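S.K.:
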Amino acid sequence: MAAPLTHCFLSSPQMYGRYTQDLGAYAKDEAARVRLQQERWKFSPKERFRPSEFLEYDHGRCACCRICTVRCQKFLISKVGEDWIFLILLGLLMALVSWAMDFAIATCLQAQKWMYGGLDTNVFLQYMAWITYPIVLITFSAGFTQILAPQAVGSGIPEMKTILRGVVLKEYLTLKTFVAKVIGLTCALGSGMPLGKEGPFVHIASMCAALLSKFLSVFGGIYENESRNIEMLAAACAVGVGCCFAAPIGGVLFSIEVTSTFFAVRNYWRGFFAATFSAFIFRVLAVWNKDEETITALFKTRFRLDFPFDLQELPAFAVIGIASGFGGALFVYFNRKIVQFMRKQKTINRFLMKKRLLFPALVTFLIATLTFPPGFGQFMAGQLTQKETLVTLFDNRTWAKQGLAEEFEFGGVSEAWKHPRANVFVTLVVFILMKFWMSALATTIPVPCGAFMPVFVIGKLRPLCRLLPLSLPPTFYQINLTVTLPTEHLQQRPLCYSVIARCFTASPHLMTAIEPKVLV
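Residue numbering for the sequence shown follows the numbering used here, beginning at 33 and increasing consecutively.
(1) Could you give the DSSP three-state label for A311: helix, strand or coil?
(2) Can you check whether the CB of V445 is closer than 8 Å to the CB of L416?
(3) Three or more beta-carbon pairs under 8 Å between the region 143 to 157 and the region 390 to 397, yes or no?
(4) Is it buried or exposed, T328, if we count other Cβ atoms within 10 angstroms and call 16 or more buried?
(5) Thinking just about the alpha-carbon of each residue, which of T424, T209, P480 and G224 is nearest to the one in W162?
(6) How is A361 classed by DSSP in three states: helix, strand or coil?
(7) On the DSSP bridge assignment, give the partners of P480 in chain order.
(8) Extract the residue ranges of the alpha helix (DSSP H) inside the region 364 to 424, only unbroken runs of 4 or more that lie entirely within it.
(9) How is A132 classed by DSSP in three states: helix, strand or coil?
(10) Taking Cβ to Cβ, would you say A136 is nearer than 8 Å to T218?
(11) Restricting to runs no shorter than 4 residues, where is the alpha helix (DSSP H) found entirely within the region 195 to 268?
(12) Three-state secondary structure (DSSP) at A454?
(13) Return helix, strand or coil for T328, following the three-state DSSP convention.
(14) Smallest Cα separation from L169: which of A400, E230 and N367?
(15) Ordered along the chain, which non-local residues of its own chain (more than five positions away) have a Cβ less than 8 Å from that of R65?
(16) N299 by DSSP, collapsed to three states: which one?
(17) Using the C-alpha atoms, what's the distance from W320 back to S130?
(18) Under 8 Å by Cβ, that's how I've got A174 and T209 pegged, so tell me the actual separation to the nearest angstrom.
(19) When you compare each of F373, T164 and F408 to H451 by their alpha carbons, which one comes out closest?
(20) Just the C-alpha distance for P478 and G186, rounded to the nearest angstrom, thanks.
(21) Do V489 and L422 have their C-beta atoms closer together than 8 Å?
(22) Give the straight-line distance between the Cα atoms of K322 and T177, rounded to the nearest whole angstrom.
(23) Report yes or no: do three or more beta-carbon pairs, one from the region 188 to 202 and one from the region 116 to 133, lie closer than 8 Å?
(24) Determine the DSSP secondary structure at F156, reduced to helix, strand or coil.
(25) Would you mind working out which of K378, M374 and Y365 sits nearest A2, comparing C-alpha positions?
(26) Measuring only the C-alpha atoms, how far is G222 from F172?
(27) Where does T379 land, buried or exposed, given buried means 16+ other C-beta within 10 angstroms?
(28) With distance defined between alpha-carbon atoms, name the residue in K369, W449 and F411 nearest to D427.
(29) Is the region 144 to 151 in contact with the region 260 to 275, if contact means three or more CB pairs nearer than 8 Å?
(30) Comparing C-alpha positions only, which one of T194, E420, M385 and E447 sits nearest to Q410?
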């Protein structure tokens, strides 16, 4: 039996479209549409920067100005090049972001000390202020990041390695991820927790490069070519390290080692130029804010330049390299065990998934309680920030000959290591042991953070340095340990981190001693 015929012919408007209407009315509507489009073009960026031969037919009042602007743009691009303009803007933007974040972080840390010092008449109120302040900042960082952009959690270096290999990750280089990363990282570091910022800065610089490329694509040129984005992201990785530690050469090596499978030779100059410009502006802003008298290294050292080390010290360097290798592997193992334990406990995992802010608050409460200065923190210099800790440990002067409190020679922030009932070596050993597991635990918090600076601080095993013969400079061995331990932890990039340490300590004479030890 044949199927019944369906209604298959179309109505008149469906067949002929809008041309079935009156021709005069359509012409009037089309003329109005073209006139409205021309009015919009006058204020659009593409119209302002379209070729001058088309602007010559425009009889508007500002046609000559637009023609002159386009010709100046062409001359500038032909003589300078569009890459230079992009890299200058990227370096300037990242230097401003880095300086502003450092200023905000220092303000937050100073506010915590101000609250703690203002309540010196009541120890309980001091304790409440000491633990409440970081809990609020960490909880806000975790909640803000989770709501706005969960992609901003963590370091960002593994994701950048994936993107540089051609994989597209959704919303990892967007504006809202940038805002979440910057604000979340500022609050996390301002809380005083043992967290780093190198990895997040690489991610932030990459997001700046992606957003800047998208913005400049409005003006046409090479920015419209999406294949150039990967090259600019590789340069952005160098900028992130350069403006973070004022180490442009280390930043370029970092970008090479991040893209370990392939690195285009033409990206060398891009990374070096942008990283150098960013590091220069970053240190100039420090001088402008009167944090420094002139452009200097991030951490100053006092080494003998004429005779930095002796030949008999080379075996000690090898021992340091081996010990730091085991220490870095132990840190990674301990951090992985913490993560695996949290994942295997199904009940705890389900509970924490519902209460996402509870785990960061508990970890912060534990670390803040242990670092409370009148409590256990007095045995590990708990009142010092990470920067103050590095400054005191980079001091090349002798604190005490036998470690007794009566022999302590220097004041200031170095007095935090002094305890009337404990040897200074005991204080340093307790500091290393506590910072080791606290840093491994803190990096599991779901906030924007890195692991370089905490491991860098742990690498400054000053007790081991002080147990060496007194004729050997202790700070020299601290830098050796400082470089080796992060190298073993952070994905085996020995050359990169040794150069970074040389740059932000202004110690080029250490390369001969550091490189063999790092390779061991």
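C-beta: ideal position from N, C-alpha, C; glycine also.
Predicted model only: the values in this text are computed from it and were never measured.
M.R.: This is what the structure gives:
(1) On the sequence shown, position 279 is the one that residue 311 refers to. A311: helix per DSSP, three-state reduction.
(2) The residue labelled residue 416 in the question sits at position 384 within the sequence shown. The residue labelled residue 445 in the question sits at position 413 within the sequence shown. Contact: yes.
(3) no
(4) Residue numbering aside, residue 328 sits at position 296 when the sequence shown is read from its first letter. Result: exposed.
(5) To locate residue 162, count along the sequence shown from 1; it is residue 130. Checked all of T424, T209, P480 and G224; the closest Cα to W162 is G224.
(6) On the sequence shown, position 329 is the one that residue 361 refers to. Reduced to three states, the DSSP call for A361 is helix.
(7) As a first step, residue 480 is located in the sequence shown; it is residue number 448 there, counting from the start. BP columns for P480 point to G186.
(8) 378 to 386 and 390 to 402
(9) Locating residue 132 in the sequence shown gives position 100, counting from the first residue. Three-state result, A132: helix.
(10) In the sequence shown, counting from the first residue as 1, residue 136 sits at position 104. In the sequence shown, counting from the first residue as 1, residue 218 sits at position 186. Contact flag set, yes.
(11) 207 to 222 and 230 to 248
(12) Walking along the sequence shown from the start, residue 454 turns up at place 422. Here A454 sits in strand by DSSP.
(13) If you number the sequence shown from 1, residue 328 lands on position 296. Residue state, collapsed to three classes: coil.
(14) Locating residue 169 in the sequence shown gives position 137, counting from the first residue. Measuring from the Cα of L169, the nearest candidate turns out to be A400.
(15) The residue labelled residue 65 in the question sits at position 33 within the sequence shown. Within the same chain, R65 has no close Cβ partners at all.
(16) Stepping through the sequence shown from its first residue, residue 299 is reached at position 267. Reduced to three states, the DSSP call for N299 is helix.
(17) Residue numbering aside, residue 130 sits at position 98 when the sequence shown is read from its first letter. Residue numbering aside, residue 320 sits at position 288 when the sequence shown is read from its first letter. Computed Cα separation, rounded: 14 Å.
(18) What you label residue 174 is simply residue 142 of the sequence shown in a count that begins at 1. What you label residue 209 is simply residue 177 of the sequence shown in a count that begins at 1. About 15 Å; that fails the 8 Å criterion.
(19) Walking along the sequence shown from the start, residue 451 turns up at place 419. Minimum Cα distance to H451 is reached at F408.
(20) Taking the sequence shown and counting its residues from 1, one reaches residue 478 at position 446. Taking the sequence shown and counting its residues from 1, one reaches residue 186 at position 154. So the alpha carbons of these two residues sit roughly 7 Å apart.
(21) Against the sequence shown, residue 489 aligns to sequence position 457. Against the sequence shown, residue 422 aligns to sequence position 390. Their beta carbons are under 8 Å apart, which means V489 touches L422 by this criterion.
(22) Locating residue 322 in the sequence shown gives position 290, counting from the first residue. Locating residue 177 in the sequence shown gives position 145, counting from the first residue. For K322 and T177, the distance between alpha carbons rounds to 33 Å.
(23) no
(24) Your numbering for residue 156 matches position 124 in the sequence shown. The answer is helix: DSSP assigns F156 an H, G or I state.
(25) Not covered by the structure: residue 2. The range shown for the chain is 33 to 552.
(26) Numbered from 1 along the sequence shown, position 190 holds the residue referred to as residue 222. Numbered from 1 along the sequence shown, position 140 holds the residue referred to as residue 172. Each residue's alpha carbon lies about 12 Å from the other.
(27) Locating residue 379 in the sequence shown gives position 347, counting from the first residue. By the 10 Å Cβ count, T379 comes out exposed.
(28) Residue numbering aside, residue 427 sits at position 395 when the sequence shown is read from its first letter. Of K369, W449 and F411, the residue nearest in Cα terms is W449.
(29) no
(30) If you number the sequence shown from 1, residue 410 lands on position 378. Residue E447 is the option with its Cα nearest to Q410.
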